[in-house]
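Residues in the sequence shown are numbered consecutively from 10, following the working numbering. Worksheet: the structure to be examined is printed underneath.
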Amino acid sequence: MKRYILILTSLLIFSQSSFCNNYNIRDYGAIGDGKASNTEIFKKVIGIAAQEGGGTIYVPAGKFLTGTIELKSNIILYLEVGAVIIGSRNFDDYPIVLLRYQGEECFGHAPLIYGRDLGNIAVQGKGTINGQGEVWWNRFKLFTNGGKEKPILNDGEKLTLELNKKTNNNNPFTRPCLIEFINCKNIELSGLTLINSPVWTVHPVYCENVNITGITIINPPEAPNTDGINPDSSKDVRISNCYISTGDDCVTIKSGLNEDGRRVGKPSENIAITNCIMMRGHGGVVLGSEMSGGIRNVVVSNCVFNGTDRGIRFKAPRGRGNVIENISFNNIIMHDILKAGIEIDMLYFDSTNKPIPFDITTPTIKNVFISNVSGENIVEALSIIGIPESPVLNVRISNLNFMGNGAGKIENVKGLLIKDSYIQNAGNKPLEVSHVASAMFNNFEIENKHIEIPLLLLSDIERFSFYKIGIDTKPLIPFHLQGMIKDLEITYAGKNMLFKEFNFEKVAKLNRELNLLTD
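So, in structure tokens, the structure goes:
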């Protein structure tokens with residue numbers, strides 16, 4: 010309780026100081042013609058405000074070109090209606106600093122709006138921040154052009170390459186985030202429109218008590234790696250009432266990459282995302298794939314995903330280590346999802362599902378709760394893929410209603426419940442369930458548009474119960490069983506079938522009598 014009183018008190022003091030001290034950048038010589046550089050003006054005004062105990066840096070209507078704006082503690086950067094901060098196209102206007110870039114600590118170009126080791130900071134208002142990312146996207150493509158001749162390094166890239174010899178990252182070219190705060194407390198972002206970010210748009214790293222509300226993020230669909238909001242090894246984060254349309258994931262929760270992420274060892278935790286609209290990105294809300302510090306205690310509610318590649322997405326490949334746990338999604342609506350509505354992927358960038366020894370690099374996903382999710386025009390309903398040495402643990406899905414072109418696949422899961430749910434499968438494959446144990450489908454209807462397709466293809470199942478499945482469907486063959494089946498109970502169309510331990514290749518006759526298809 011004392012902790013929350015202290016936070017509230019600090020925010021009240023910060024708010025009072027901001028009303029006492031206001032600094033209009035025009036009063037210090039700023040020019041809003043979109044051409045003149047205002048980098049030194051912002052630096053000067055923020056320095057004055059910091060010396061006087063903090064305050065509000067006021068950006069009036071106009072187009073203010075600038076390089077990196079580095080905030081100080083107890084500072085609000087406020088953009089009036091009609092105010093536009095425009096990121097410089099000159100790479101030298103973004104100094105080389107130590108940061109975390111795509112999961113690893115390294116040196117790279119400072120963000121457009123930046124701060125480190127600060128307290129009580131905010132970026133607010135009804136204005137716009139335009140990162141002019143195209144020059145960065147084009148440069149990035151030159152470095153990733155499939156093995157063709159690489160570009161000649163500029164001075165900043167040479168310095169980056171030299172400094173990064175001290176790190177695990179030998180990348181000479183890093184793009185600046187639009188807004189990035191590192192190791193800061195008590196942060197608010199509100200009301201703004203953020204466009205054309207060079208890379209991730211909003212990136213709090215090692216931060217605490219972050220409130221992001223009412224912002225709009227728009228990046229072109231072809232802009233690489235331009236995620237919307239990426240809480241990274243941060244805690245007590247609230248994201249609400251935002252509209253996000255990006256060239257990558259809309260909201261992604263991260264905590265570091267592989268060895269470097271485990272070295273830092275800071276999880277992302279206690280995160281709430283609510284009342285947001287996600288458009289066109291690779292994923293609506295995504296966890297990972299940089300998750301080596303751990304991700305836990307995340308609640309997502311009352312959101313709309315429209316036209317994203319995937320809706321709910323977990324990415325936790327081998328090599329990451331640590332755990333994603335205690336994750337809840339509730340009241341989600343999806344439309345026109347180009348791939349999976351719900352995807353849990355532990356084979357991300359992995360081509361084999363053969364078991365390997367469990368060690369510190371093995372990821373874990375457990376305690377995932379998904380309820381009251383509906384969607385139309387979903388290409389694939391479910392893709393839940395664990396790995397043999399680390400099955401996905403304890404997944405509970407209820408009140409799911411998906412209409413689309415495919416049912417999907419569930420593999421290497423232990424502790425699965427799907428109840429009171431419906432999937433329309435207009436595709437030509439059944440829902441494939443393999444290497445699944447301690448699981449139950451209860452009042453789960455799968456409607457196949459092609460009646461010759463089984464409802465379910467079951468392979469290597471252990472301790473699995475199906476109750477009231479496919480009540481209103483009439484496939485020619487309801488189930489296709491193969492491999493080893495142990496402790497399987499099916500209640501279907503008035504039949505109750507109990508199998509203790511069978512290899513179905515040896516009991517084909519029995520299964521034909523039960524209207525089951527076996528290999």
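C-beta atoms are modelled at their ideal positions from N, C-alpha and C, and glycine is treated no differently.
Under the three-state DSSP convention, the category residue i falls into
i, result
"Asn267", "helix"
"Asp359", "coil"
"Asn173", "helix"
"Asp101", "helix"
"Val106", "strand"
"Arg327", "coil"
"Met10", "Bear in mind that the predicted position of Met10 carries a pLDDT of just 41, short of 50, making it unreliable; the figure below should be weighed with that in mind. In the structure shown, Met10 sits in coil (DSSP, three-state: anything other than H, G, I, E or B)."
"Asp354", "strand"
"Thr77", "coil"
"Ala390", "strand"
"Glu522", "Reliability fails at Glu522, whose pLDDT of 44 lies under 50, so the model's placement of it is uncertain and the value that follows must be treated cautiously. Correct three-state label for Glu522: helix."
"Pro372", "coil"
"Val404", "strand"
"Leu296", "strand"
"Thr317", "coil"
"Leu121", "coil"
"Arg289", "coil"
"Ala416", "coil"
"Val90", "coil"
"Asn533", "The chain is shown only over 10 to 528; residue 533 falls outside these bounds and no answer can be derived."
"Leu411", "According to the sequence displayed, residue 411 carries Phe and not Leu. In the structure shown, Phe411 sits in a strand (DSSP, three-state: E or B)."
"Ile95", "strand"
Rounded separation between residue i and residue j - CA only
i, j, result
"Ile321", "Asn381", "13 Å"
"Ala281", "Leu466", "37 Å"
"Arg289", "Ile238", "14 Å"
"Val377", "Ala45", "51 Å"
"Leu425", "Ala446", "8 Å"
"Val442", "Arg329", "26 Å"
"Val309", "Ala92", "32 Å"
"Ser26", "Asp245", "Residue placement at Ser26 is poorly supported in this model, since its pLDDT is 43, which falls under 50; the coordinates are not used for a value here."
"Asp318", "Asp241", "22 Å"
"Thr210", "Asn177", "24 Å"
"Ala448", "Asn284", "32 Å"
"Gly270", "Met300", "7 Å"
"Leu203", "Thr137", "6 Å"
"His291", "Glu389", "15 Å"
"Asn218", "Pro276", "14 Å"
"Ile342", "Val313", "5 Å"
Per-residue burial, residue i [other beta carbons within 10 Å of its own, 16 or more giving buried]
i, result
"Ile196", "buried"
"Ser206", "buried"
"Pro400", "buried"
"Asn434", "buried"
"Asn99", "exposed"
"Glu171", "exposed"
"Lys167", "exposed"
"Ile462", "buried"
"Ser24", "Summary for Ser24: the model assigns pLDDT 46, below 50, so the residue's position carries little reliability; its value from the coordinates is reported in the next sentence. By the neighbour-count rule (16 or more Cβ atoms within 10 Å), Ser24 is not buried but exposed."
"Gly43", "exposed"
"Glu278", "buried"
"Val90", "exposed"
"Leu17", "Legend: pLDDT at Leu17 = 39, less than 50; position of this residue unreliable, value from coordinates given subsequently. Result: exposed."
"Asn421", "buried"
"Leu440", "buried"
"Gly274", "exposed"
"Lys194", "buried"
"Lys175", "exposed"
One or two residues paired with residue i in a DSSP bridge
i, result
"Cys115", "Leu108"
"Pro213", "Phe190"
"Met332", "A small fix is needed here, since residue 332 is Val in this sequence, not Met. DSSP lists Thr373 as partners of Val332."
"Ser301", "Partner(s): none; Ser301 has no beta bridge."
"Asn339", "Ser310 and Ser380"
"Glu398", "Beta-bridge pairing links Glu398 to no other residue."
"Ile346", "Ile387"
Near the ligand NAD: residue i beta-carbon under 8 Å from a heavy atom
i, result
"Thr371", "Because no ligand of any kind appears in the structure shown, any question about the ligand NAD cannot be addressed here."
Review point. Curious, which full-length beta strand (DSSP E) runs of at least 3 residues does the region 130-209 contain?
Key: 137-139, 188-191, 194-199 and 202-204
Point to revise | Segments assigned beta strand (DSSP E), at least 3 residues, entirely inside the region 19-73 | key: 31-33, 42-46 and 64-68
**Study point:** Length-filtered (4 minimum) alpha helix (DSSP H) runs lying within the region 420-496
**Key:** none
**Study point:** Inside the region 218-283 only - beta strand (DSSP E) runs reaching at least 3 residues
**Key:** Counting whole runs of 3 or more residues, the region 218-283 contains the beta strand (DSSP E) stretches 225-227, 244-249, 252-254, 260-262 and 277-283.
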